[in-house]
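Protein chains in written order, with my numbering: chain A, 2 to 111; chain B, 133 to 612.
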């Protein structure tokens with residue numbers, strides 16, 4: 002019964018995770034949470050494709066997932082870099098740092 | 133003869149895989165000059181391969197893909213010629229070949245996107261393009277910390293758009309029983325189109341996000357402003373236009389019979405997005421504090437105009453959309469190259485004040501940027517004029533007065549932007565803090581010439597591009 006329920010529920014569940022992940026990626030102030038949300042949405046999207054498409058699509062799905070894993074890794078590297086450069090990886094701190102950079106640029110070039 | 137037949141049959145794949153391999157070789161080449169020579173040769177070869185079928189009148193079954201590929205390959209070739217000396221001012225010996233290699237691979241992904249005829253290829257190409265553009269922007273982190281948030285924005289957009297595209301591809305298949313973008317296979321499965329509608333909508337949103345269509349255009353402007361100058365044209369123009377071509381294909385799919393009355397909903401949604409793009413892009417271009425950000429917002433406004441025309445439908449609407457994006461690409465190319473010519477210390481920014489007094493130090497560069505600014509307004513005798521004219525006609529034919537007003541209002545807004553650029557270049561003194569313009573402007577000449585000649589020659593006599601756009605539009609819409 003649980004297996005049957007899981008078989009019926011996995012598509013709506015994937016859709017739910019997709020929406021929740023996108024919402025987290027768009028709305029969170031913490032960049033790591035944004036990345037996690039986008040990653041969760043990606044997994045959900047890939048699950049939808051694997052469930053609905055024929056086996057012939059598996060290769061393309063796999064290629065897309067590998068690329069998206071690469072994007073996730075790049076995201077982590079950038080977060081580490083932002084923590085070093087801005088002293089933290091939350092949106093408010095980075096905004097403050099960018100405003101300081103813009104003010105310095107205006108002072109350089111009026 | 134057999135070589136031509138082979139190129140006709142496999143030219144697209146040759147371009148994509150060739151550029152990918154050469155790009156990978158470039159990244160491990162120890163000598164930057166060798167890497168630059170290889171990159172320029174590969175980009176020119178790709179442009180020649182892409183243009184050959186158009187010149188021979190053998191665009192085949194996909195004139196839209198052939199035309200868009202040729203346009204982007206030419207823009208990229210001109211940008212790669214300019215990239216060598218510009219990147220030399222930006223990065224050390226080790227980083228320059230990596231930047232060139234990544235740019236070549238991003239070009240390959242963009243060309244794969246424009247040629248993709250099925251949803252799976254399209255999804256993979258779009259994700260690869262987004263990731264490579266994020267990598268290119270990440271390189272600028274070595275010079276300026278402000279590039280890190282911009283690159284992170286590109287990563288997030290790629291991940292979110294990728295998620296939507298993957299889910300959309302699965303749903304499209306579930307609904308229509310095919311991954312085909314032409315819509316022919318879809319007609320056979322007219323009974324089960326509900327999931328296909330959701331899938332097409334998700335794919336449209338993914339393409340719109342990666343093309344930087346408003347309201348998802350903020351990341352594109354950030355990336356354009358913070359990418360290394362030498363690679364900015366590939367990231368800010370080639371990748372975005374390629375995603376927009378994918379958007380055009382998907383919009384055409386939604387107008388297939390299988391979608392029934394929902395096609396009208398898609399048309400209204402597309403035109404609505406276009407109106408938002410025109411308003412947001414035009415207003416933000418007026419207030420832009422960075423020359424490359426201005427170019428990105430101007431391209432967003434042009435995409436908006438193209439979406440309005442596309443939504444209005446018909447052959448005229450499709451022709452107008454194709455004209456508008458070609459004109460937008462050329463304008464953005466001149467602005468981005470002009471910004472690189474004007475900025476002596478290439479960090480990750482090109483403030484508008486870098487253009488001050490440019491006409492006295494680099495009169496030809498200033499003239500090129502001036503022509504591009506003129507083209508931005510859609511003035512007569514420029515390439516954009518015909519596109520805007522046809523957009524207004526298509527909107528009026530459908531009774532969409534609001535859309536026609538939006539297109540005309542965008543032209544008036546562009547007059548402010550063009551006036552601002554001309555005033556800075558011709559009537560202001562160059563601030564001492566910025567310093568003189570750098571040497572090496574000769575390498576920028578092909579890019580500026582491409583933009584200027586295309587804008588003016590096809591503005592004077594638009595018969596050839598009009599016919600090419602008509603052929604592409606007919607093939608897209610399946611019209612006789």
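Even glycine gets a Cβ: it sits at the ideal position worked out from N, Cα and C.
Ranking 532/B, 536/B, 505/B by CA distance to the CA of residue 520/B puts 536/B first.
Close CB contacts of residue 498/B within its chain, under the 6 angstroms cut and outside five residues either way in sequence, are with 490, 491, 557 (chain order). Here residue 524/B has 536, 539, 540 as same chain residues with Cβ atoms under 7 angstroms from its own Cβ, once five neighbours each way along the sequence are excluded.
Around residue 374/B, the same chain offers 204, 242, 245, 246, 261 as residues with beta carbons nearer than 7 angstroms, after the five sequence neighbours per side are excluded. Annotation for residue 543/B: the continuous alpha helix (DSSP H) segment containing it runs 533 to 559. Within the same chain, and ignoring the five residues on either side of residue 250/B in sequence, the residues whose Cβ sits closer than 7 angstroms to its Cβ are 311, 312, 313. Residue pairing by DSSP places residue 312/B opposite 250/B in a beta bridge. Shown here for residue 362/B: same chain residues with a beta carbon closer than 7 angstroms to its own, the five before and five after excluded, namely 215, 218, 219, 222, 231 in chain order. By a beta-carbon distance limit of 8 angstroms, residue 444/B does not contact residue 429/B. Their separation comes to about 23 angstroms. Contact annotation for residue 102/A against chain B: 276, 277, 278, 481 [CB-CB distance below 9 angstroms, chain order].
Excluding five sequence positions before and after residue 298/B, the CB atoms of its chain that fall closer than 7 angstroms to its own CB belong to 255, given in chain order. The region 283 to 296 of chain B makes contact with the region 35 to 48 of chain A; the number of CB pairs closer than 8 angstroms reaches 3 or more. Setting aside the 5 residues that flank it on each side, residue 212/B is surrounded in the same chain by 171, 172, 175, each with a C-beta closer than 6 angstroms to its C-beta; the list follows chain order. Residue ranges of uninterrupted beta strand (DSSP E) with 3 or more members are absent from the region 197 to 235 of chain B; none lies entirely inside it. At least one beta carbon of chain B lies nearer than 8 angstroms to the beta carbon of residue 83/A. Within chain B, no C-beta atom comes less than 7 angstroms from the C-beta of residue 94/A; the nearest is roughly 11 angstroms away. Per DSSP, the continuous alpha helix (DSSP H) segment holding residue 429/B begins and ends at 423 to 444. If you look at residue 173/B, you'll find it in the alpha helix (DSSP H) that goes 164 to 187. Contacts with chain A (Cβ-Cβ distance below 7 angstroms) from the region 142 to 165 of chain B involve no residue at all. DSSP, reduced to helix, strand and coil, places residue 483/B within a strand of the structure shown. Look at residue 448/B here: in three-state DSSP terms it is helix.
DSSP, reduced to helix, strand and coil, places residue 354/B within a helical segment of the structure shown. Beta bridge pairing from DSSP links residue 100/A with no other residue.
Around the C-beta of residue 141/B, fewer than 16 other C-beta atoms lie within 10 Å, and the residue is accordingly described as exposed. DSSP, read as helix, strand or coil, puts residue 194/B in coil. Contact fails between the region 440 to 460 of chain B and the region 334 to 346 of chain B, because fewer than three Cβ pairs, one in each stretch, are under 8 angstroms apart.
CA-CA distance, residue 157/B to residue 163/B, rounds to 12 angstroms.
The beta carbon of residue 30/A sits closer than 6 angstroms to the beta carbons of 91, 92 from its chain, once the five residues preceding and following it are set aside; these are given in chain order. The C-beta of residue 398/B comes no closer than 8 angstroms to any C-beta of chain A. Looking only at 68/A, 85/A, 25/A, the smallest Cα-Cα distance to residue 258/B is reached by 68/A.
Membership of residue 338/B in the alpha helix (DSSP H) is indicated by the continuous run 326 to 343. By the neighbour-count definition (other C-beta atoms within 10 Å, threshold 16), residue 70/A is an exposed residue. Rounded to the nearest angstrom, the gap between the Cα atoms of residue 11/A and residue 36/A is 23 angstroms. Looking at 423/B, 410/B, 331/B, 414/B, the one whose alpha-carbon comes closest to that of residue 438/B is 410/B. Sorting 268/B, 545/B, 582/B, 454/B by C-alpha distance to the C-alpha of residue 366/B places 268/B at the top. Sequence-ordered contacts of the region 52 to 65 of chain A with chain B read 52, 53, 54, 55, 58, 61, 62, 64, 65 [C-beta pairs closer than 8 angstroms].
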